[in-house]
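Throughout the sequence shown, residue numbering follows the working numbering, covering 1183 to 1625 in sequence. The block underneath contains the structure these notes are about, expressed in structure tokens.
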Amino acid sequence: MKSITTTGICSIVLLSSLVACSQNNAPSSSPGATQQAKGVKLTFFNTSAEVNNVFENLFKTYHEQNPNVTIELIPTPIGGAQLEKFQSLLASGNPATIANLDPGTILQYKDKFMDLETEKAKYEKLTKPGAVDGALLDGKFLGIPWTAQGYGLLYNKRVVEESIGGAFDPASIKTRNDLEALFKKIEAAGKAPVMIHGADWSLGAHYLGLTYSLQSPKVEENRKFVEDLKNGKANLADNQPFNGLMDTFDLLKKYNARKSDPLVADYNKDSTDFAKGNAAFYFMGDWTWSVIGTLEGRDKEFGIIPVPISNNPADYGNAQVAYTEPKLFAIDKSGSTPEQQAAARAFVEWMVTSEQGQSAIVTKMGLSLPYKDVKAKGTNVISDAIAKYVDQGKFLNIGVINYFPQDYWSKTGASMQKYMVGKTDRKAFTTEVQDYWKSNAGK
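Given below as structure tokens:
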């Protein structure tokens, strides 16, 4: 997702403060705050680039409440070389105190981060069931969850209902044939049925990435499937979820509003056009609300349906939306002092539990907090729609991607782009993806 992979990516694209005053001042009321005898400076590495300014304002608020703690943002650009910048900080011996990273990056550099086992029980009480378990990396609590995101086929309610001449029930789309029948009605009404964002992160991580989570509801079984791909023991060419997913992609290509120039991949334009009714459906995640929520003259009602992968309603994936915790807060242990580490833990707790921190995340960033006691009211109607699936247990746990090589989405996304524009056929595309995994054997 924009935030799941790069950004959010961006994800989405998408999708994204500390310690008490000195002993001469009154103690802070911030949750988890501890007294400091002198000032502490923290640095915060942020890969949710689309909300850099929200974090900066939050740091100022925290400093006003805790004058002895100063937090400096280390920003990264949207879609930029974020991992390279993180690596350069490590190499220079000047790592960020707190890093907002993809779980896979934390796992890759797990020796650089604190094991937060002593914090685990506290966060299990604060978060919704399964949130902490979903954040574990090789069984360790290395990152604190702070947002949950989902993706699938977003829909513009007005456009769909005007096309079909009545109320739209998202539960009516149970199969690929159901989706195609709906697309035909929308097209007959003179409207574009769907929009596909042509960026490699959207195609490689979010769409093709579903393949690996559709094998089983259990992350460990999905990890085994990927290992079998690497070792040549599994074959995508005869894998039913993969082929079903690609059959659906062929359908989306056929009705794509961008099919005349599918690789332009202008994220802001795609999100804006969808929000204003230039396409009925949009393969994207709730992080796109950072664009949609600020638009004037947009439609008001949006929802989401899963990506159907077969014509059997009972098949796993047809009724489930993709859902994960795309970013975690990790605390450095390789170059930070004990005072900085204590201040960092206090800040993170303040951010996810205080009204001001929650308001920044839920209201200003438009994200969903996987916490029980959320004081702030959200405005992201797409997140609300995803939450309904999650509350019913109808979601795909895509946590297997945390264990993937860092280049999986760019490499396989490039293959998806070639397939999307017809430069390669299904057989050659499948071979390319299979070969990518074989090249990672033993890694």
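All residues carry an ideal CB built from backbone N, CA and C; glycine is no exception. None of these values were measured; they are calculated from a predicted model.
From the options, pick the residue whose C-alpha is nearest to that of residue i; which is it?
i: K1220; options: A1371, E1478, Q1522 and V1401; result: Q1522
i: A1317; options: K1509, K1436, K1307 and G1275; result: K1509
i: D1452; options: N1579, A1374, T1279 and Q1247; result: A1374
i: F1165; options: K1546, E1266 and S1354; result: Since the first residue of the chain shown is 1183 and the last is 1625, residue 1165 is not available in this structure.
i: N1166; options: T1287, A1610 and P1249; result: Lying outside 1183 to 1625, the shown extent of the chain, residue 1166 is not represented and no answer is given.
i: S1492; options: G1321, D1297 and R1358; result: R1358
i: K1356; options: Q1538, W1471 and D1497; result: D1497
i: L1434; options: V1408, L1298 and A1461; result: A1461
i: T1279; options: L1289, F1268 and P1285; result: F1268
i: V1473; options: G1467, T1454 and K1458; result: T1454
i: S1518; options: G1560, S1354, T1430 and L1271; result: L1271
i: V1489; options: F1611, A1524, I1513 and L1427; result: L1427
i: A1281; options: T1300, L1224 and A1263; result: L1224
i: A1567; options: F1424, A1330, A1558 and F1295; result: A1330
i: M1377; options: N1450, D1297, F1465 and E1266; result: F1465
i: N1622; options: P1587, K1570, I1346 and N1239; result: P1587
i: K1515; options: M1296, H1245 and E1254; result: M1296
i: D1382; options: L1411, L1298, N1248 and Q1599; result: Q1599
i: L1335; options: A1263, F1431, Y1394 and G1275; result: F1431
i: D1293; options: E1301, D1320, V1314 and A1303; result: D1320
i: V1503; options: N1494, G1467 and A1512; result: G1467
i: E1301; options: V1544, A1512, G1386 and D1617; result: A1512
i: G1479; options: F1463, G1459, A1439 and A1447; result: G1459
i: A1569; options: L1265, E1299, E1409 and T1506; result: T1506
i: V1563; options: Y1601, T1470, S1274 and D1617; result: T1470
i: L1289; options: S1592, T1613, E1344 and K1322; result: K1322
i: N1500; options: S1597, E1343, Q1397 and A1303; result: Q1397
i: F1424; options: G1347, F1407 and S1345; result: F1407
i: D1284; options: D1589, P1444, H1245 and L1364; result: D1589
i: S1565; options: G1332, L1298, K1242 and N1250; result: G1332
Mapping DSSP to helix, strand and coil, what is residue i?
i: A1208; result: Reliability fails at A1208, whose pLDDT of 34 lies under 50, so the model's placement of it is uncertain and the value that follows must be treated cautiously. A1208: coil per DSSP, three-state reduction.
i: S1550; result: strand
i: D1589; result: coil
i: Q1331; result: strand
i: D1514; result: strand
i: P1233; result: A small correction: the amino acid at residue 1233 is Val; Pro does not occupy that position in the sequence shown. V1233 falls in the helix class under three-state DSSP.
i: N1500; result: coil
i: G1214; result: With a pLDDT of 43 at G1214, under the threshold of 50, the predicted position of this residue should be treated as unreliable, though the coordinate-derived value follows. Three-state result, G1214: coil.
i: N1425; result: helix
i: Y1601; result: helix
i: N1248; result: coil
i: C1203; result: With a pLDDT of 30 at C1203, under the threshold of 50, the predicted position of this residue should be treated as unreliable, though the coordinate-derived value follows. Residue state, collapsed to three classes: coil.
i: N1584; result: helix
i: Y1389; result: helix
i: L1336; result: strand
i: N1493; result: coil
i: N1239; result: helix
i: Y1394; result: helix
i: K1322; result: strand
i: E1254; result: strand
i: L1418; result: helix
In terms of residues, what are the limits of the alpha helix (DSSP H) holding residue i?
i: G1316; result: A1313 to A1317
i: F1484; result: Counting along the chain, F1484 falls outside any alpha helix (DSSP H), though it belongs to the beta strand (DSSP E) covering F1484 to I1487.
i: A1457; result: Y1449 to A1457
i: I1564; result: V1563 to D1573
i: S1354; result: Run containing S1354: none; DSSP gives neither H nor E here.
i: K1409; result: The question names Lys, yet the displayed sequence has Glu at residue 1409. Where E1409 is concerned, the enclosing alpha helix (DSSP H) stretches over V1401 to K1412.
i: L1385; result: Here L1385 belongs to no alpha helix (DSSP H), and DSSP marks it neither H nor E.
i: F1529; result: P1520 to T1535
i: S1472; result: W1471 to I1474
Return the first residue and the last residue of the beta strand (DSSP E) that residue i is part of.
i: Y1464; result: F1463 to G1467
i: F1227; result: V1222 to N1228
i: F1611; result: Not the beta strand (DSSP E): F1611 falls in the alpha helix (DSSP H), residues R1608 to K1620.
i: A1376; result: For the record, residue 1376 in the displayed sequence is Val; it is not Ala. V1376 to I1378 is the extent of the beta strand (DSSP E) around V1376.
i: F1577; result: F1577 to N1579
Indicate whether at least one CB of chain B lies closer than 9 Å to the CB of residue i.
i: S1270; result: Among the chains of the structure shown, chain B does not appear; only one protein chain is present.
Checklist entry - Curious, which full-length beta strand (DSSP E) runs of at least 3 residues does the region 1256 to 1309 contain? => result 1280 to 1283
Checklist entry - With a cut-off of 8 Å, do at least 3 Cβ pairs link the region 1309 to 1329 to the region 1533 to 1552? => result yes
Checklist entry - Is the region 1521 to 1540 touching the region 1324 to 1336 in the sense that three or more CB pairs, one from each, lie closer than 8 Å? => result yes
Checklist entry - Is the region 1364 to 1371 in contact with the region 1590 to 1608, if contact means three or more CB pairs nearer than 8 Å? => result no
Item to check | Given 8 Å, three or more beta-carbon pairs between the region 1392 to 1401 and the region 1573 to 1585 | outcome: yes
Item to check | contact_flag[the region 1331 to 1339, the region 1478 to 1493] where n(CB pairs < 8 Å) is 3 or more | outcome: yes
Checklist entry - At a cut of 8 Å, does the region 1415 to 1422 reach the region 1582 to 1592 through at least three beta carbon pairs? => result no
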